[in-house]
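Asker: Got a structure for you, written out below as C-alpha cells; questions coming shortly.
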Amino acid sequence: MTGNVLAADFKAEPFWWEDAAPFRHEGELPAKVDVLIVGSGFCGLSAGIRSLELGSSALVVDAGPIGGYASSRSGAMLSSGQKFLLTGASQSFSAEQVDAASRLHAEAFEFVKGLALKEKLEFDFQQCGRVFLASVPADAARFDTHAQVLRSRAGVSARVLRRDELHDEIGTDYYFGGMVVEEFGGIHPSKFGRALARSFLTAGGLAASHLRVTDVARTGGGFRVETARGTVLAKHVLFATNGYTDRAFGYLKSRVAPAASYIIATERLPAAVMAEAMPRRRMYSDSKRNLWYFRPSPAGDRILFGARPGAMLVPVDEAARTLHGFLCRVFPQLRDVKISHCWTGNVAMTHSHLQQMGSVDGIHYAVGCNGSGAAIMPYLGRLAAERMLGFRATPTLFECSPFKAFPPYGKYPWFVPLAVAGYDMLDWIDRKRASLKEVAGR
Ligand SMILES: Cc1cc2nc3c(=O)[nH]c(=O)nc-3n(C[C@H](O)[C@H](O)[C@H](O)COP(=O)(O)OP(=O)(O)OC[C@H]3O[C@@H](n4cnc5c(N)ncnc54)[C@H](O)[C@@H]3O)c2cc1C
C-alpha cells in the first residue's frame with residue numbers, strides 16, 4: 025500500500041482492550057497478609073487464586089493496571105510446550121526431564137482448557153488448531169520429525185502438510201510446507217486476565233494496582249514488603265513479574281531478559297477476504313528465528329499479526345508500518361487493508377529457554393515464559409503457590425534446571441538487539457538461498 029497504512033481511528037494500544045481493558049483497583053493495603061504476590065498477570069493471579077484455595081489470605085500488587093502488561097497484550101495462541109520440544113531447548117535434558125517438561129506443559133494446556141470448559145470462565149477459548157509454517161524448504165523437511173516428537177511427547181495429533189496442500193489452510197504462496205496440530209487453539213488474553221482477576225477478588229483476594237513494590241526484606245516470621253503506599257508484612261512473597269522484572273528483586277532481574285514483541289490488528293475484513301486468507305480460522309506461526317505469528321480475532325473478522333519489526337525498539341506507529349509490510353509479504357492480497365491497532369509487550373527470556381520457579385533467601389519466583397506463556401504461566405503460578413505453601417512435596421523440573429545470570433544490563437538488555445539482528449540476517453540469508461534454488465530449479 026502506498027500512503028498511510030494506519031486507519032483514521034488507529035489506536036496505539038491492544039485491540040484486546042476494546043472488549044476487556046485492564047483495570048484500576050486501589051483497595052486499602054492490609055498491614056499483614058499470608059501471601060503477597062508481585063505481578064497481576066496470568067501467573068500472579070493464578071498463584072493468588074491457588075493461595076486462597078489452600079487457605080491463605082492473598083494480596084496481589086501491580087505497578088500498573090491489573091493484568092495490564094504481557095497478559096493483556098499477548099497473541100494468546102494456546103499450545104502445550106511445542107517451543108520447548110522443537111527449538112532445541114530440550115537437548116541438554118535427559119529423557120526423563122523431557123518427559124517431565126512435556127507432561128507439565130500438557131497439564132498447563134488442560135488446566136486453561138478446564139477453566140474455560142469446566143469452570144465456565146469466559147475468555148473466548150477456541151480449540152481451532154494451529155498451523156506451523158516452514159519459511160524455507162529445509163524447515164519443511166524437519167516437520168516430519170517435529171510431528172513425531174509432538175505426537176509422542178506432547179500427545180497431540182500433529183499432521184504434516186506438503187506445500188501443495190497449504191492452500192486448504194492458508195491463502196498464501198509464501199511458505200514451503202506446514203504442520204497442523206488440531207488440539208491447539210487460542211484465547212482472548214485480556215478477557216482471560218479479567219476472568220482470573222474476578223475469580224480472585226470474588227474468592228476474597230486483595231489487589232492493589234498502580235503500586236510498585238520497591239524492596240523486600242526478611243523479618244523474624246516473614247518479609248517486610250515496601251511500596252510507595254506503605255509497608256506490608258507477609259509470611260510468603262512470590263514474584264510473578266516475568267518480562268517486567270525490575271530491581272526490586274535483583275537476583276531475578278539478572279536472570280530474565282525482557283524482549284519486546286509487537287502486534288498489529290487489521291480493520292474489519294469482509295468475510296470473503298477472511299475465508300480466502302484463513303479458510304479454517306486457525307492460529308499460525310512460522311519457522312523463522314524471529315518468527316511471525318498471526319491469527320484471526322475471536323470474531324473471525326480481523327487478522328492480528330505479531331513480529332519483532334527489527335533489532336531496536338521503535339514507536340508503535342512505526343512498528344505498525346513495518347508489520348503491515350510483513351503481513352503483505354504473506355498476504356499480498358491485503359495490501360490495501362488498514363491497521364486499526366498496534367501495541368507492544370515484553371516476554372521474558374531465560375538462559376535455559378525454560379520456565380523457572382524456586383526461591384532465593386525465602387523469596388519465591390515464577391517467571392520465564394520465553395515467548396509462549398498463555399498456558400504455562402497461569403499453571404506455573406499455581407505450581408509456585410503449591411510449592412511455596414508446602415502443598416506439593418516434589419520439586420518440578422522448572423526448579424531443577426540451572427537458572428543462570430545474563431551479562432549485566434541496565435533498563436534494556438543490550439544483547440537482545442544483537443541477537444535479533446543476527447537472527448534477522450540468518451533468516452534473510454535462508455530465504456534468499458531458498459528463492460535462488462527455486463529459480464535455478466525451474
Ligand atoms: C506481544 C506478545 C505476544 C505474545 N503472544 C503469545 C502467544 O501467542 N502465545 C503464548 O502462549 N504466549 C504469548 N505471549 C506470552 C504471554 O502473553 C506471557 O507469557 C504471559 O502473559 C506472562 O504472564 P505473567 O503473569 O508471567 O507476566 P505479565 O502479564 O507481564 O505480568 C507481570 C506483571 O508484573 C508487574 N511488576 C513487575 N515488577 C513489579 C514491581 N516491582 N511491583 C509491582 N508490580 C510489578 C508488571 O507491572 C506486570 O503487570 C506473548 C507476549 C507478548 C508480550
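Counting the sequence shown from 1 gives a position; the working numbering is that position plus 24.
Just so it is clear, CB atoms sit at the ideal spot from N, CA and C, and this is done for glycine as well.
Everything numeric in this text was worked out from a predicted model, so none of it was measured.
(1) Under DSSP, the beta strand (DSSP E) around Lys-56 begins and ends at which residues?
(2) From the DSSP output, which residues share a beta bridge with Tyr-286?
(3) From the DSSP secondary-structure annotation, give me the bridge partner or partners of Ser-214.
(4) Along the chain, which unbroken stretches of the beta strand (DSSP E) at least 3 residues long are found entirely within the region 188-246?
(5) Below 8 angstroms CB to CB, which residues in the same chain sit around Asp-470 once its five sequence neighbours on both sides are set aside?
(6) With 16 as the cutoff for other CB atoms within 10 Å, does Leu-230 come out buried or exposed?
(7) Which residue or residues does DSSP assign as beta-bridge partners of Gln-150?
(8) What does the alpha-carbon distance come out to for the pair Asp-451 and Ala-458?
(9) Helix, strand or coil, according to DSSP, for Gln-121 in the structure here?
(10) Using alpha carbons as the reference points, say which of Ile-61, Arg-248, Lys-362 and His-375 lies closest to Ala-429.
(11) Name the residue from Gly-202, Ala-464, Val-249 and Lys-435 whose alpha carbon lies nearest to the alpha carbon of Ile-387.
(12) Alpha carbon to alpha carbon, what distance is there between Ala-241 and Cys-424?
(13) Measure the CB-CB distance between Gly-217 and Ser-96 and report whether it falls below 8 angstroms.
(14) Cys-393: beta carbon under 7 angstroms from a heavy atom of ligand 1?
(15) Do Gly-274 and Asn-370 have their C-beta atoms within less than 8 angstroms of each other?
(16) How long is the line joining the alpha carbons of Val-29 and Phe-318, rounded to whole angstroms?
(17) Taking 7 angstroms as the cut-off, is the beta-carbon of Pro-322 closer than that to any non-hydrogen atom of ligand 1?
(18) Which value, in whole angstroms, describes the spacing of the CA atoms of Ile-453 and Ala-124?
(19) Where do the ends of the alpha helix (DSSP H) carrying Phe-318 lie?
(20) Whose C-alpha, out of Gly-195, Trp-40, Pro-54 and Gly-245, is nearest the C-alpha of Leu-157?
(21) Please list, in chain order, all residues of the same chain as Pro-333 whose beta carbon is under 7 angstroms from its beta carbon, the five residues on each side excluded.
(22) Does the beta-carbon of Lys-56 have 16 or more other beta-carbons within 10 angstroms, so that it is buried, or is it exposed?
(23) Apart from the five residues on each side of it in sequence, which residues of its chain come closer than 8 angstroms, Cβ to Cβ, to Glu-300?
(24) Quick one: which unbroken alpha helix (DSSP H) runs of 4-plus residues sit fully inside the region 246-282? Chain order, please.
(25) By the DSSP assignment, the beta strand (DSSP E) with Ser-497 in it spans what residues?
(26) Under the DSSP definition of a beta bridge, which residues are partnered with Arg-183?
Answerer: On the basis of the coordinates in this document:
(1) Translated into positions along the sequence shown, residue 56 becomes position 32. Lys-56 -> beta strand (DSSP E) spans 56-62.
(2) As a working note, residue 286 is residue 262 in the sequence shown. BP columns for Tyr-286 point to Ala-331 and Thr-368.
(3) Working through the sequence shown from its first residue, we reach residue 214 at position 190. Answer is none; Ser-214 lacks a bridge partner.
(4) Listed in chain order, they are 202-205, 230-232 and 237-242.
(5) Because the chain is modelled from 25 through 466, residue 470 falls outside the range shown and cannot be assessed.
(6) Here residue 230 corresponds to residue number 206 of the sequence shown, with the count starting at 1. Burial state of Leu-230 is buried, judged by a 10 Å Cβ sphere holding 16 or more other Cβ atoms.
(7) Sequence index remark: in the sequence shown, residue 150 carries index 126 (1-based). Gln-150 is bridged to Gly-210.
(8) Position 427 of the sequence shown, counting from 1, holds the residue named residue 451. Position 434 of the sequence shown, counting from 1, holds the residue named residue 458. Approximately 11 angstroms, taken between the alpha carbons.
(9) Walking along the sequence shown from the start, residue 121 turns up at place 97. It is helical.
(10) The count along the sequence shown starts at 1 and reaches residue 429 at position 405. Proximity to Ala-429 across Ile-61, Arg-248, Lys-362 and His-375 peaks at His-375, based on C-alpha coordinates.
(11) Within the sequence shown, residue 387 is the residue found at index 363, counting from 1. Taking only the C-alpha atoms, the option nearest Ile-387 is Val-249.
(12) As a working mapping, residue 424 is identified with position 400 in the sequence shown. As a working mapping, residue 241 is identified with position 217 in the sequence shown. When only Cα atoms are considered, Cys-424 and Ala-241 end up about 25 angstroms apart.
(13) As a working note, residue 217 is residue 193 in the sequence shown. As a working note, residue 96 is residue 72 in the sequence shown. Yes.
(14) For the purposes of this step, residue 393 is taken as residue 369 along the sequence shown, with counting starting at 1. Answer for Cys-393: yes, Cβ within range of ligand 1.
(15) Reading the sequence shown from its first residue, position 250 is the one you call residue 274. Reading the sequence shown from its first residue, position 346 is the one you call residue 370. At the C-beta level, Gly-274 and Asn-370 stay beyond 8 angstroms of one another.
(16) As a working note, residue 29 is residue 5 in the sequence shown. As a working note, residue 318 is residue 294 in the sequence shown. Those two C-alpha atoms are separated by around 18 angstroms.
(17) Indexing the sequence shown from 1 puts residue 322 at position 298. No, Cβ of Pro-322 sits at least 7 angstroms from all heavy atoms of ligand 1.
(18) Position 429 of the sequence shown, counting from 1, holds the residue named residue 453. Position 100 of the sequence shown, counting from 1, holds the residue named residue 124. CA-CA distance, Ile-453 to Ala-124, rounds to 36 angstroms.
(19) Translated into positions along the sequence shown, residue 318 becomes position 294. Here Phe-318 belongs to no alpha helix (DSSP H); instead the beta strand (DSSP E) covers 317-320.
(20) Mapped onto the sequence shown, residue 157 falls at position 133. If you compare the alpha carbons of Gly-195, Trp-40, Pro-54 and Gly-245 with that of Leu-157, the shortest gap goes to Gly-195.
(21) Counting from 1 along the sequence shown, the entry for residue 333 is found at position 309. By the criterion of a C-beta distance shorter than 7 angstroms, Pro-333 is surrounded in its chain by Tyr-286, Ala-343, Thr-346 and Leu-347, once the five residues flanking it on both sides are discounted.
(22) Counted from its first residue, the sequence shown places residue 56 at position 32. With fewer than 16 neighbouring CB atoms inside 10 Å of its own CB, Lys-56 falls in the exposed class.
(23) Here residue 300 is taken as the residue at index 276 of the sequence shown, counted from 1. Within the same chain, and ignoring the five residues on either side of Glu-300 in sequence, the residues whose Cβ sits closer than 8 angstroms to its Cβ are Gly-195 and Gln-357.
(24) Every unbroken stretch of the alpha helix (DSSP H) spanning 4 or more residues and falling wholly within the region 246-282 is given here in chain order: 274-277.
(25) Nothing about residue 497 can be reported from this structure: the residues present for the chain run from 25 to 466 only.
(26) The residue labelled residue 183 in the question sits at position 159 within the sequence shown. Per DSSP, Val-204.
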